[in-house]
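Numbering (the numbering used here), first residue to last: 612 to 887. Ideal Cβ positions, reconstructed from N, Cα and C, are used throughout, including at glycine.
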Amino acid sequence: MNEVYEKLQGCLKSVREKTDFKPEIALVLGSGLGEYAEEIEVAAAIDYKDIEGFPVSTVPGHKGRFIFGYVNGVPVVIMQGRVHFYEGYPMSDVVLPARLMGLMGAKILFLTNASGGINSTFHAGDFMLIRDHIASFVPSPLIGANIDELGPRFPDMSDIYRRELRDIIKETAKEEGIELKEGVYLQLTGPSYESPSEVSMCRMLGADAVGMSTACEAVAANHMGMAVCGISCITNMACGISKEPLSHTEVQETAERVAPLFKRLITASVTKLAGR
């Protein structure tokens with residue numbers, strides 16, 4: 612058996628020893644957004660450290676656990692904190708949680724993140740629906756022997772963030788009266804914030820927002836047939852766009868400020884996505 616797949620199966624076995632909950636939708640909560648998980652109808656919770664072989668998040672503000680429960684009756688599994696490549700984990704470990712949630716039964720992966728705005732029409736506190744991404748600056752999670760049990764060797768990536776799901780989220784935002792931008796997300800490795808010249812490069816490549824997560828998870832989930840969608844919370848304008856020094860504290864403060872609106876958008880979107 613493929614070593615990565617064997618580890619994945621070991622994690623699944625460890626989870627199933629604790630709960631047999633089967634989610635329809637998997638949610639990954641970015642920096643400052645983790646409290647949403649505690650506001651749903653909770654059925655079970657598992658700390659990452661209690662899952663054998665599971666990578667543990669080390670970032671402040673990321674609690675590091677799975678929450679299983681219901682959003683308006685929709686069974687969901689929520690990652691309360693994700694694992695990042697810059698924490699020193701191999702990329703196969705970074706995307707292990709996304710793959711694991713797919714094996715738990717989730718058909719949709721709803722990704723969220725805190726990101727830096729590159730598009731000059733954006734402002735801190737805006738929400739950006741991810742239309743596409745640029746993942747060329749981080750290792751592909753599909754490098755190495757293909758895991759045939761998950762997906763094909765050369766998967767199509769022409770519609771990673773499914774148009775059908777994006778249309779539903781846009782319609783939902785409109786109904787809720789929440790302004791929703793749309794654009795391209797670019798993932799860099801981090802953990803340092805980007806230099807002004809790097810931000811200029813990202814802009815020239817067509818990116819509207821930049822961050823340190825998400826794209827690799829989307830690639831892995833798309834490879835195994837999950838339908839993917841994602842929203843970035845623009846917590847700050849990227850270096851060179853903004854003249855202010857960047858800090859993780861600013862990211863958390865902005866995310867927490869707009870959290871009530873973001874939670875409302877997620878709840879309404881999850882409800883509609885499940886009924887599509």
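Sort the options by Cα distance to residue i and report the nearest one.
i: E855; options: Q798, A735, V639; result: A735
i: S642; options: H695, K785, G788, P701; result: H695
i: G699; options: V749, D631, V821, G755; result: V749
i: E760; options: G788, A832, G822; result: A832
i: A866; options: P634, R774, E646, M612; result: E646
i: M603; options: L623, V862, L638, V653; result: Absent from the model: residue 603. The displayed extent of the chain is 612 to 887, so no value can be given.
i: K660; options: P871, A870, S751, P708; result: P708
i: E787; options: L872, R887, M848; result: L872
i: T630; options: V615, I662, N613; result: I662
i: M612; options: T825, A756, R814; result: A756
Hey, residue i and residue j: beta-carbon distance below 8 Å or not?
i: T878; j: A725; result: no
i: A656; j: R676; result: yes
i: K874; j: E650; result: yes
i: R777; j: C827; result: no
i: M715; j: L640; result: no
i: V688; j: V881; result: no
i: I745; j: L797; result: yes
i: T723; j: I636; result: no
i: I754; j: L876; result: no
i: M837; j: G794; result: no
i: L644; j: A870; result: yes
i: D819; j: N730; result: yes
i: S703; j: P763; result: no
i: Y681; j: P802; result: no
i: P807; j: A717; result: no
i: K883; j: T783; result: yes
Just checking my contact of residue i with residue j at CB under 8 Å: how many whole Å lie between their CB atoms?
i: E805; j: C844; result: With a Cβ gap of about 17 Å, E805 and C844 do not count as contacting.
i: G692; j: G664; result: At roughly 17 Å, the Cβ-Cβ gap does not stay under 8 Å, so G692 and G664 are not in contact.
i: D743; j: I771; result: 7 Å
i: G713; j: I852; result: Not confirmed; about 35 Å, so no contact.
i: L619; j: L720; result: Actually they do not touch by this definition, with Cβ atoms about 15 Å apart.
i: I678; j: V653; result: 6 Å
i: L857; j: V821; result: Incorrect: roughly 11 Å between the Cβ atoms, too far for contact.
i: R887; j: E809; result: About 38 Å separates the two Cβ atoms, so there is no contact after all.
i: V667; j: I758; result: Actually they are not in contact, since the Cβ atoms of V667 and I758 sit about 23 Å apart, beyond 8 Å.
i: H834; j: P766; result: 5 Å
In three-state DSSP terms, what is residue i?
i: A849; result: coil
i: S880; result: helix
i: A872; result: First, the amino acid is wrong: residue 872 is Leu here, not Ala. The answer is helix: DSSP assigns L872 an H, G or I state.
i: I842; result: strand
i: E782; result: helix
i: E628; result: coil
i: P807; result: helix
i: Y700; result: coil
i: P708; result: helix
i: H859; result: helix
i: G762; result: coil
i: V830; result: helix
i: E663; result: coil
i: G755; result: coil
i: K618; result: helix
i: T732; result: coil
Any idea which residues DSSP pairs residue i with across the strands?
i: R676; result: D658, Q691
i: K792; result: M739
i: H744; result: Y796
i: L638; result: I689, F721
i: V821; result: G727, L797
i: E652; result: Y681
i: L772; result: First, the amino acid is wrong: residue 772 is Tyr here, not Leu. Answer is V839, bridged to Y772.
Output yes if chain D places a C-beta closer than 8 Å to the C-beta of residue i; else output no.
i: I845; result: Of the chains in the structure shown, none is chain D; there is only one protein chain.
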